[in-house]
Amino acid sequence: MFIDRGRSVAIIGAGAVGVCCANYLRDAGFDVVIIDPVEPGDPQQCSYGNAGGLSPGSCIPNAMPGILRELPGLLLDPEGPVSLRLLDLPHALPWLLRFLWSSRASRAGEIADAMIELNRLTFEFYQPLVAQAGCKDLIQYRGQLFVYEDPIAPSRATLSTKMRRDRGVRVELLDESQLRELEPSLSPAYKAGLFLPEQGQCVNPGRLIASLWQLAAQKGARQLRTKAKGFAFGQNGPVSILTDDGPVSADFFVVAAGVCSAPLARQLAVHVPLIAERGYHVVLENTDVGLRANTCCAARRFVAAQMEGGLRVTGTAEFAKPSAPPRWERAEMLVRQAKFMFPSLSATSVHRWMGSRPSTPDSIPVIERTPRYSNAILAFGHGHQGLMAASTTGKLVSQLVAGETTRIDLSPYRSSRF
Ligand SMILES: Cc1cc2nc3c(=O)[nH]c(=O)nc-3n(C[C@H](O)[C@H](O)[C@H](O)COP(=O)(O)OP(=O)(O)OC[C@H]3O[C@@H](n4cnc5c(N)ncnc54)[C@H](O)[C@@H]3O)c2cc1C
551 MFIDRGRSVA
561 IIGAGAVGVC
571 CANYLRDAGF
581 DVVIIDPVEP
591 GDPQQCSYGN
601 AGGLSPGSCI
611 PNAMPGILRE
621 LPGLLLDPEG
631 PVSLRLLDLP
641 HALPWLLRFL
651 WSSRASRAGE
661 IADAMIELNR
671 LTFEFYQPLV
681 AQAGCKDLIQ
691 YRGQLFVYED
701 PIAPSRATLS
711 TKMRRDRGVR
721 VELLDESQLR
731 ELEPSLSPAY
741 KAGLFLPEQG
751 QCVNPGRLIA
761 SLWQLAAQKG
771 ARQLRTKAKG
781 FAFGQNGPVS
791 ILTDDGPVSA
801 DFFVVAAGVC
811 SAPLARQLAV
821 HVPLIAERGY
831 HVVLENTDVG
841 LRANTCCAAR
851 RFVAAQMEGG
861 LRVTGTAEFA
871 KPSAPPRWER
881 AEMLVRQAKF
891 MFPSLSATSV
901 HRWMGSRPST
911 PDSIPVIERT
921 PRYSNAILAF
931 GHGHQGLMAA
941 STTGKLVSQL
951 VAGETTRIDL
961 SPYRSSRF
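Residue numbers (my numbering): 551 to 968.
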């Protein structure tokens with residue numbers, strides 16, 4: 551039951567999700583403090599280094615039917631998109647088993663519905679924020695492209711194309727000449743493509759998060775540069791967040807701490823199987839090959855995107871303990887893949903980055919008021935889609951805190967599904 555408690559909200563985490571929550575909560579008239587030891591837009595955040603894809607049509611789960619047959623090949627290929635060291639297997643196994651379980655056909659359809667329901671609103675809830683923040687230029691509407699070396703592969707990708715089209719997403723099949731016409735800089739090795747014209751891209755995710763935080767701060771939100779360690783509880787639930795610099799009291803609490811959210815949620819009596827699904831990027835600085843669409847090599851599952859400052863190539867799903875050191879050879883692999891995709895590329899200065907996707911086994915985040923405490927809200931686990939889903943999540947969280955009817959039905963995002 552919703553109890554009208556007061557107007558102050560403390561958010562843990564100032565990544566894409568946290569800053570969008572901060573904006574929409576301020577717009578709804580709440581006092582907002584955000585707790586995070588790092589600045590919004592900092593390279594330590596997962597939100598900084600992603601591929602920038604903003605895809606309202608994104609609805610393909612990571613665990614598609616048939617993944618069990620595919621997984622051994624993906625894992626054994628040293629240049630493949632998935633990486634798991636034997637050492638990390640015990641840590642990852644329970645999550646991986648749930649991941650595989652979520653790939654059954656009936657569940658994949660439900661997941662696709664939940665994904666698109668959230669992602670389809672991405673522009674609707676980003677547009678007012680970027681307009682107010684004066685950074686509309688950061689969001690561009692260039693479409694999303696999947697490219698294939700095998701000319702008949704796109705016509706074989708029937709299940710994903712059907713899943714998209716069933717949910718109203720426009721998908722165009724491109725032959726070799728149409729592909730060349732759309733993206734002339736691509737290697738002639740690519741013979742076909744699938745083009746999704748209604749998708750978009752952020753050309754500098756770090757600047758987006760920093761700008762949206764500046765906006766929230768102008769509206770009166772404050773940041774405390776400290777780490778949240780847990781909660782202090784009163785009779786009706788949490789009353790303050792315990793931090794390295796003392797307790798922070800509030801009426802409502804939002805956990806949006808990305809990959810570090812699960813232990814905080816556990817203190818609120820919610821157990822979520824969350825893993826650090828590490829990814830890498832390389833930015834080939836000051837490089838512009840004229841790429842327009844956010845372009846994914848379908849077989850190798852890496853994404854190339856023209857960003858402010860250079861060509862960014864992102865990829866890899868690496869299941870490792872968060873404390874494990876980065877494996878920079880994964881980033882070197884992305885440089886090789888970029889050179890394959892764009893033969894004219896001459897990379898001189900390369901910037902490398904690693905970040906941890908906060909991933910649930912079923913590709914859907916947890917967005918809910920906790921079952922036990924009506925003043926605690928969870929907003930994490932956005933996996934591969936956290937940039938695109940952040941704007942809508944921010945709006946939904948503000949509606950949950952205000953006790954309003956949420957824009958979409960939140961039952962698919964409840965933690966009780968685990
Ligand atoms: C290679 C790669 C490519 C990707 N491509 C895309 C894409 O194209 N499109 C897309 O939508 N998504 C993409 N993603 C996913 C997306 O980046 C993430 O889902 C998203 O950034 C998650 O946002 P977040 O706010 O939950 O987490 P984060 O950005 O990680 O922010 C969490 C914040 O919480 C803070 N925090 C953690 N613990 C505490 C604590 N105890 N106290 C206080 N603060 C704390 C951290 O310091 C951090 O600032 C990609 C990810 C990777 C790695």
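No residue lacks a Cβ here, since even glycine has one placed at the ideal position from N, Cα and C.
Sorted by chain position, which residues of the same chain lie with C-beta nearer than 6 Å to residue i's C-beta, five sequence neighbours on each side aside?
i              : result
glycine 565    : Gln595, Ser597 and Gly808
asparagine 600 : Pro755 and Leu937
cysteine 570   : Ala940, Ser941 and Gly944
arginine 557   : Phe580 and Asp581
alanine 681    : none
asparagine 612 : Ser913
alanine 926    : Pro788, Phe803, Leu818 and Thr920
glycine 840    : Ser735
leucine 950    : Arg919 and Ile927
glycine 623    : none
glutamate 827  : Ala867, Arg907 and Ser909
arginine 730   : none
aspartate 592  : none
Ignore the nearest five residues each way along the sequence and tell me which others in residue i's own chain have a CB closer than 7 Å to its CB.
i                 : result
cysteine 752      : Gly602, Leu604, Leu688, Ile689, Leu758 and Leu937
tryptophan 878    : Arg902
tyrosine 923      : Gly787, Pro788 and Leu818
glycine 684       : none
aspartate 725     : Ala742
phenylalanine 649 : Ala613 and Pro911
aspartate 959     : none
alanine 952       : Ala578
tyrosine 740      : Val697, Tyr698, Glu699 and Leu729
So is residue i buried or exposed if we call it buried at 16+ other beta carbons inside 10 Å?
i              : result
isoleucine 584 : buried
proline 875    : exposed
leucine 946    : buried
glycine 796    : exposed
proline 738    : exposed
threonine 864  : buried
leucine 834    : buried
tryptophan 763 : buried
alanine 782    : exposed
glutamine 856  : buried
threonine 672  : buried
proline 911    : buried
tyrosine 676   : buried
asparagine 573 : buried
glycine 829    : buried
If I'm right that residue i touches residue j with Cβ under 8 Å, what's the distance once you round it to whole angstroms?
i                 : j                 : result
leucine 746       : glycine 693       : 6 Å
phenylalanine 930 : valine 820        : Actually they are not in contact, since the Cβ atoms of phenylalanine 930 and valine 820 sit about 10 Å apart, beyond 8 Å.
proline 823       : phenylalanine 968 : 6 Å
valine 719        : cysteine 609      : 7 Å
proline 631       : arginine 775      : So it is not a contact: roughly 36 Å between Cβ atoms.
glutamate 842     : glutamate 733     : Here residue 842 turns out to be arginine, not glutamate, going by the sequence shown. Between glutamate 733 and arginine 842 the Cβ distance is about 7 Å, and since that is below 8 Å, they are a contact.
alanine 800       : valine 559        : 6 Å
alanine 888       : valine 832        : 7 Å
Considering residue i, what are the terminal residues of the beta strand (DSSP E) in which it resides?
i                 : result
phenylalanine 745 : 742 to 746
leucine 724       : 722 to 724
asparagine 844    : 844 to 847
threonine 956     : Premise fails: threonine 956 is in no beta strand (DSSP E) and is neither H nor E.
proline 908       : 900 to 909
alanine 874       : Careful: alanine 874 lies outside any beta strand (DSSP E) and carries neither H nor E.
For residue i, which residues in the same chain have their Cβ closer than 8 Å to its Cβ, ignoring the five residues on either side in sequence?
i                 : result
arginine 576      : Val582, Ala766, Lys769, Gly770 and Ala771
phenylalanine 615 : Before going further, note that residue 615 is proline rather than phenylalanine in the sequence given. Cβ within range, chain order: Ser653, Arg654, Ala655, Ala658 and Leu709.
tyrosine 963      : Ala664, Leu668, Ile914, Pro915, Val916, Ile917 and Glu918
Which partner residues of residue i appear in the DSSP bridge assignment?
i              : result
arginine 919   : Ile927
aspartate 581  : Ser558
tyrosine 598   : DSSP, once it has assigned bridges, lists no residue as partnering tyrosine 598.
methionine 938 : Methionine 938 pairs with nothing; no bridge assigned.
isoleucine 689 : Cys752
glutamine 773  : Ile584
isoleucine 759 : Note: isoleucine 759 sits in no beta bridge, so no partner.
glycine 796    : Thr793
histidine 932  : Ser909
threonine 864  : His831 and Val853
leucine 695    : Phe745 and Thr845
How about residue i: is its C-beta nearer than 8 Å to some C-beta of chain C?
i           : result
alanine 800 : No chain C appears in the structure shown, which is made up of a single protein chain.
How far does the alpha helix (DSSP H) with residue i in it reach, from first residue to last?
i                 : result
phenylalanine 968 : Element bounds for phenylalanine 968: n/a, residue is neither H nor E.
valine 885        : 879 to 891
methionine 665    : 655 to 669
lysine 712        : 708 to 716
glycine 623       : 617 to 626
glutamine 682     : 672 to 683
leucine 639       : 639 to 651
leucine 814       : 811 to 817
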